[in-house]
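There are 4 protein chains.
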Amino acid sequence: MRPSSYADQVYGHVLQDILKGVFPPGSRLPSESDLSDRFGVSRPVIRDALARLRLDGLVEARRGSGTYVLTTPSRSLPDLADLTDISRFLRYQELRFCVEGNAAALAAERRTDKALGDIIEAHEQFSSQVARGLFLPESDRRFHLSIAEATGNEFFSMALEGPNVSLSSFMNVSLSLTRSGSPARARKVICEHADIVEAIRNKDPIWARVAMESHILQARRRMTNGDLDP
Amino acid sequence: MRPSSYADQVYGHVLQDILKGVFPPGSRLPSESDLSDRFGVSRPVIRDALARLRLDGLVEARRGSGTYVLTTPSRSLPDLADLTDISRFLRYQELRFCVEGNAAALAAERRTDKALGDIIEAHEQFSSQVARGLFLPESDRRFHLSIAEATGNEFFSMALEGPNVSLSSFMNVSLSLTRSGSPARARKVICEHADIVEAIRNKDPIWARVAMESHILQARRRMTNGDLDP
Amino acid sequence: MRPSSYADQVYGHVLQDILKGVFPPGSRLPSESDLSDRFGVSRPVIRDALARLRLDGLVEARRGSGTYVLTTPSRSLPDLADLTDISRFLRYQELRFCVEGNAAALAAERRTDKALGDIIEAHEQFSSQVARGLFLPESDRRFHLSIAEATGNEFFSMALEGPNVSLSSFMNVSLSLTRSGSPARARKVICEHADIVEAIRNKDPIWARVAMESHILQARRRMTNGDLDP
Amino acid sequence: MRPSSYADQVYGHVLQDILKGVFPPGSRLPSESDLSDRFGVSRPVIRDALARLRLDGLVEARRGSGTYVLTTPSRSLPDLADLTDISRFLRYQELRFCVEGNAAALAAERRTDKALGDIIEAHEQFSSQVARGLFLPESDRRFHLSIAEATGNEFFSMALEGPNVSLSSFMNVSLSLTRSGSPARARKVICEHADIVEAIRNKDPIWARVAMESHILQARRRMTNGDLDP
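Going down the list, the protein sequences come from chains A, B, C and D.
Under our numbering, residues 1 to 230 are what the first sequence spells out, in order.
Under our numbering, residues 1001 to 1230 are what the second sequence spells out, in order.
Under our numbering, residues 2001 to 2230 are what the third sequence spells out, in order.
Under our numbering, residues 3001 to 3230 are what the fourth sequence spells out, in order.
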């Protein structure tokens, strides 16, 4: 087992305890050494897991006082995914943030009319499916890959998917959250896609980058912030 | 008169003609040499004005065919501002994009509890005013300056305002648009502010930067895209 | 054959003609339609190839006048690589720019002492080999991957290499150029690596990103700008 | 007195003690509460000063152990500037990083031939003066402002200078360091400028941004890292 997968497991267990209300918002987590005893792993592993929880906005370190729970993540999470997978999902979003943000900017600069047509078609298919209550990871994936392909640089789509990684497996998790959420949440996702399309249509690389980066960060936030649930 | 102010005037006149429907969406603008005759300025000035209209997403160049109108800007614009000022407003937004995007990231990293308190207070004051139908440039300015000040670097707020430039004079234009718009539009502005506050509270510099950049680009878009009007 | 590989071939042929002096610096390239006849491909393919040559700083478009040769690339290129591969190399650098720039920033934020030790060891091995005249792609690859791994996010190294892509095959081309160049050129490469190491050691994510981005752009430039040869 | 100027003073005093060898590289600084007693200021002020020293790469925090000196800054510093000004200089560089990095990218996109001519002229004047041993802040300032002006957006140069701030007063400090340094150091500054010029000439906004950001970070480093002295 890779060392970092211990941290993923600790992350998953602490997340589960936050979800169950064992650690409600405002409460203090046990100390590093208590957590180390509890999970039977070394303190650097605990520290790594806590660092990720902080980065995901779930907990906050207060100087000289400890680590406090900030927020309760989406309550639908445990039904959707093995909790030890959440940390892996969030690490993948970190890669997508830079690869897709850059791809959107390059697509805005270089897109041919044909490539724009493919993006619009993928956007309309996904939107009309969502309007009918269908959330298909494959359609979301097609939208994102059509943008990567509009760069004219095949390495961008290759960077997003590999032998054991596909966009659609990760999209499955976030689309399940969207499906289980309110219609307002689904509309917000479609609006975020529409912004990206408009920026690429207008050939505005700066806006295209920001619109894509914002969309990917919001997907993370819909997962880690249960307040956004209906 | 500075050379670039000729381009500002041409920009303003073409914008006015687009607003009046002289050049409706989908129509082709006169050629560079026709515009040059019409406005009595040299072709480089015309080219500069057209470049800005393209950058603002109002027109599009089609290879070997000319420049076409893409969209009609907000119809409330001519009541709000001297049209030759719009280009100046948009240039100022370009500076804000980089200065405030960076300031938000640094604020997220370094903000003290006191500085966060000031940001939240400014945010709540502005929100509650807007809820009562009040759109005060000075309150919007206070929100943005409280973020610049949370960097602990006085040069950020100094870069935003100078002897003849103040945030609030520019905010007056965009707030008037918001006021004349639908309640949904006002709610969207408040949500964008709330995102920035949440990112700075969570000490997430990457999200804080993207949230601020996105807010500033949306302000530009509310001005140049009349489809967003109610 | 994928459409974009036609453009790669045109790129390679024009590059070869620039290298051979058929098109010396300052000369004008044939028109799009002449190139289209010459290579028997459609004009959009020609346009794509010219766009890449412009982006690589080899040629420049002058409004209403045509495309002019700016610079002669490194004369060692044709011995090093199939010329139709150069465009592929440059597209891969475009991906590395965003993935490795971001990885360097995250490595600076999160690196453990162990991860820093691995980076320093890889840096010292590569430097001492270069000092002895050895330019091993595998050592250069190890340096870059040690930084991707210091992010604690396995997706960064996965994005750089895939089933048919490895860093070392691309590094082979640029290291051959370095080997065939002056000792000053080799020292410059080592200094660029040392800057990246110093930034990660100092935990300065902003500097780490810029140092890595700068290194990757300079590698591109060493390939496309023959003036840098001894 | 503004609260942050206490931190500037503490920063200056600790810097002076590092320069004098009171705290040599590798030694541990006194604890926060000892420093608080020593300088008669509160612990948040001490923390702020230490945070800046860390950010400038002069000291390093080791978990559970304290703050250690990493490097000795340039020994010429105390002759050049009031030490309490150093922190102010470094804060100004932080603003320049984002404003000038963005300006360089926009200049590469939009520069007219006339604007490029102004940049090249300023570059050549500064280079030939430096070759003759002359380091004039006004010439360095002219180079940087010619780039800000090539954006066609007057707000960029306005952001860099204000009623009480001018580029040349800050440049005076860094040029004095360059003058007191080796000829190799002066050549490095000129090479950094030449890279920026080449990127703007080639109309490459990505390279122009990175070249400018790199130049500004290296100026900071020449000040805080005495190892770079001859």
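Heads up, the beta-carbon is just placed ideally off N, CA and C, and yes, glycines get one too.
- Counting along the chain, A/A61 sits inside the beta strand (DSSP E) bounded by residues 59 to 62.
- Bridge partners of D/T3151 according to DSSP: none are assigned.
- At a cut-off of 8 Å between beta-carbon atoms, D/E3213 makes contact with chain C.
- Rounded to the nearest whole angstrom, the C-alpha separation of C/G2181 and C/N2225 is 12 Å.
- Of all residues in the segment 197 to 211 of chain A, only N202, D204, W207, V210 come within less than 7 Å of chain B when Cβ atoms are compared, listed by chain position.
- Between D/L3167 and D/H3193 the beta-carbon gap is near 14 Å, outside 8 Å, which marks them as no contact.
- Among the CB atoms of chain A, none fall inside 8 Å of the CB of C/C2191.
- Neighbours of A/G57 across chain B, judged by C-beta separation under 7 Å: N1202, D1204.
- Between B/R1043 and B/S1027, the C-beta gap is not smaller than 8 Å, which leaves the two residues out of contact.
- Residue state for C/V2165 is assigned as strand, using DSSP reduced to three classes.
- By the Cβ rule, the segment 2207 to 2222 of chain C does not count as touching the segment 2115 to 2124 of chain C, because fewer than three pairs are nearer than 8 Å.
- The alpha-carbon of B/L1095 is positioned some 6 Å away from that of D/F3155.
- Taking 8 Å as the upper bound for CB-CB distance, D/I3196 and D/A3150 are not in contact here, some 11 Å apart.
- The beta-carbon separation of A/C98 and C/N2172, rounded to 26 Å, does not stay under the 8 Å limit for a contact.
- In chain order, W1207, V1210 make up the part of chain B whose C-beta sits under 7 Å from the C-beta of A/L217.
- Residue pairing from DSSP places A/Y68 in a beta bridge opposite A/R28, A/E60.
- DSSP places D/G3133 outside both helix and strand once states are collapsed to three, so it counts as coil.
- When secondary structure is reduced to three states using DSSP, A/S182 falls in the coil class, being assigned neither helix nor strand.
- Spatial neighbours of C/D2113 in its own chain (CB-CB distance under 6 Å, excluding positions within 5 residues in sequence) are not present.
- For B/Y1011, same chain residues with a beta-carbon under 6 Å away, outside a window of 5 residues either side, are A1049, R1052, S1087 in chain order.
- For B/I1190, the CB contacts under 7 Å within the same chain, skipping 5 residues up- and downstream, are S1127, V1130 in chain order.
- Rounded to whole angstroms, the gap between the alpha carbons of C/E2138 and A/V165 is 25 Å.
- Pairing A/A148 with A/E198, the inter-Cα distance amounts to about 16 Å.
- Close to D/G3152, with beta-carbon spacing below 9 Å, are these residues of chain B in chain order: S1004, A1007, D1048, A1051, R1052, R1091.
- The beta-carbon of A/M223 is placed no less than 8 Å from the nearest beta-carbon of chain C.
- Listed in chain order, the non-local C-beta contacts of A/R142 below 8 Å within the same chain comprise A122, Q125, F126, local neighbours out to five positions each way being set aside.
- B/A1184 is classed as exposed because its beta carbon has fewer than 16 other beta carbons within 10 Å across all chains shown.
- Look at C/G2012 here: in three-state DSSP terms it is helix.
- Looking at D/S3031, D/Y3092, D/S3174, D/F3135, the one whose alpha-carbon comes closest to that of D/G3162 is D/Y3092.
- Contact of A/P73 with chain C is not assigned, every C-beta pair being separated by 8 Å or more.
- With a cutoff of 8 Å on beta-carbon distance, D/M3223 and D/A3104 are scored as not near each other.
- Under the three-state reduction of DSSP, C/D2195 is assigned to helix.
- For C/F2155, the C-beta contacts it makes with chain A under 8 Å involve R91, Y92, E94, L95, V165, in order along the chain.
- Taking the beta carbon of A/G162 as reference, the chain C residues within 7 Å of it are M2158, G2162, listed in sequence order.
- D/N3172 is outside the set of residues whose beta carbon lies under 8 Å from a beta carbon in chain B.
- Flagged as an interface residue toward chain B: D/V3099, by a C-beta distance shorter than 8 Å.
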